[in-house]
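Numbering (my numbering), first residue to last: 7 to 397.
This is the structure in structure tokens:
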């Protein structure tokens, strides 16, 4: 009987391996091969290895895929998985959505891109697509890759290098001095004046100009060097000084002018000369915090909008996390009725686990959660039994 079993196994293996080797032939009995043929073909498909991604019989995922999303891609592209966790990561990569930009089988475009690179980028970055009166040449030709990396970068805005180095890779320094009225100092921080995509102003200078910049440079500069630090900004912006002396402040610390971490000193496209949208500016330092919440199923509307200043002071505060209010007060500014008829909160109600008063964040995550109403646990039972062990 054992010999018969061995003969059966050997016979099965002899049949199975030729079938596996010709998997593409078997698959293409039903699936039209033309639909999977183009100038650039995904390597497993080119080698007839449909089984590298698909199970021929049954699977837990749509399309009989062995795994879902980027997990499937990273089963081969393991090196990229490690790299894509470093520095600033493009949102589709962070969310495991490789197919936002790529097709899985074959494409006319290198890198298995869905469309021309610029069209792929503008598919999500819809606010960048309008034509400008004056347009930067790489942007006009859809060459996003001239300045940006598509997946991740150790530099902000997914730039290929430090911002000034990216500019100087095309714009040679000897030409720049002449274009800047023979400015005697070292030209730096190009993006504080210029929009890298385009502008309504000649020289792609940003649309909103700082008053001292319009009036001349001597208010802040002397002989080509920058005068002063944060204090030089506070000479005009006196109201901001209270934030500097708060217990928690964005304006203090060693090194350069802290105002310039968020604001452009010369020109900008955003209100208050912010260097980007509010979310972009905050993400520059708080990328880890934002990444923890942005893919949650339920998100606070203001967090979803990127309106950080709705709850947080921007310059400084004596409250933890630079909040605009104490305890529950920060929430009841908008949620006026909650706490009056739901679970009691406040100084008279003690959390049995911590011996601290019960507040809104005892049960809710203020920026986002995988549970409805941004609850810490499921509201059906799991949340309540954290405190109410006997009921």
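The C-beta atom is built at its ideal place from N, Cα and C for all residues, glycine as well.
Annotated as proximal: residue 33 and residue 56, with beta-carbon spacing under 7 Å.
Residue 184 and residue 176 have their C-alpha atoms some 16 Å from each other. A direct Cα-Cα distance of roughly 6 Å separates residue 358 from residue 393. By the neighbour-count criterion, in which a residue is buried when 16 or more other Cβ atoms sit within 10 angstroms of its Cβ, residue 337 is buried. C-alpha of residue 339 to C-alpha of residue 332: approximately 11 Å in a straight line. Here DSSP, grouped into helix, strand and coil, assigns residue 247 to helix. Annotated three-state conformation of residue 168 is coil, per DSSP. Taking all protein chains in view, the Cβ of residue 319 is crowded by 16 or more other Cβ atoms within 10 Å, so the residue is classified as buried.
Under DSSP, residue 331 takes part in no beta bridge, so it has no partner. Beyond the five residues adjoining it in sequence on each side, residue 356 comes within less than 8 Å, by CB distance, of 362, 363, 364 in the same chain, given in chain order.
CA-CA distance, residue 186 to residue 198, rounds to 14 Å. By the Cβ criterion, the stretch 102-117 is in contact with the stretch 41-49, since at least three pairs of Cβ atoms, one from each stretch, lie closer than 8 Å. Burial is judged here by how many other beta carbons sit within 10 angstroms of a residue's own beta carbon; residue 334 has at least 16 and is buried. Closest in C-alpha terms to residue 139, from the list 304, 121, 117, 209, comes 209. In this structure, the beta-carbon distance from residue 289 to residue 296 falls below 7 Å. The continuous beta strand (DSSP E) containing residue 354 extends over residues 352-356. When DSSP states are grouped into helix, strand and coil, residue 157 belongs to the coil group. When DSSP reads this structure, residue 204 sits in a beta bridge with 141.
The residues 254, 318, 319, in chain order, have a CB closer than 6 Å to that of residue 328 in the same chain once the five nearest residues on each side in sequence are set aside. In the three-state reduction of the DSSP assignment, residue 292 falls in the helix class.
Rounded to whole angstroms, the gap between the alpha carbons of residue 226 and residue 96 is 36 Å. A buried status is given to residue 374, since no fewer than 16 other beta-carbon atoms sit within 10 Å of its beta-carbon. In the same chain as residue 117, and ignoring 5 residues on each side of it, the C-beta atoms closer than 8 Å to its own belong to 46, 108, in chain order.
Sequence-distant partners of residue 378 (beyond 5 residues in either direction) whose C-beta falls short of 6 Å from its own C-beta, in its chain, are 304. When beta bridges are read from the DSSP output, residue 377 appears opposite 381. Within the same chain, 349, 381, 382, 389 come within 8 Å of residue 369 by CB-CB distance, once the 5 residues on both sides are set aside.
The continuous alpha helix (DSSP H) containing residue 127 extends over residues 123-128.
When secondary structure is reduced to three states using DSSP, residue 252 falls in the coil class, being assigned neither helix nor strand. Linking residue 257 to residue 51 through their CA atoms gives a straight-line distance of about 55 Å. Within the same chain, and ignoring the five residues on either side of residue 330 in sequence, the residues whose Cβ sits closer than 7 Å to its Cβ are 317, 318, 319, 336.
The distance from the Cβ of residue 159 to that of residue 94 is about 6 Å, consistent with a contact at the 8 Å cut-off. Just so you know, the alpha carbons of residue 163 and residue 203 end up roughly 13 Å apart.
Under DSSP, residue 391 forms no beta bridge with any residue.
Non-local C-beta neighbours of residue 102 in its own chain, meaning closer than 6 Å and more than five positions away in sequence, comprise 75, 76, ordered along the chain.
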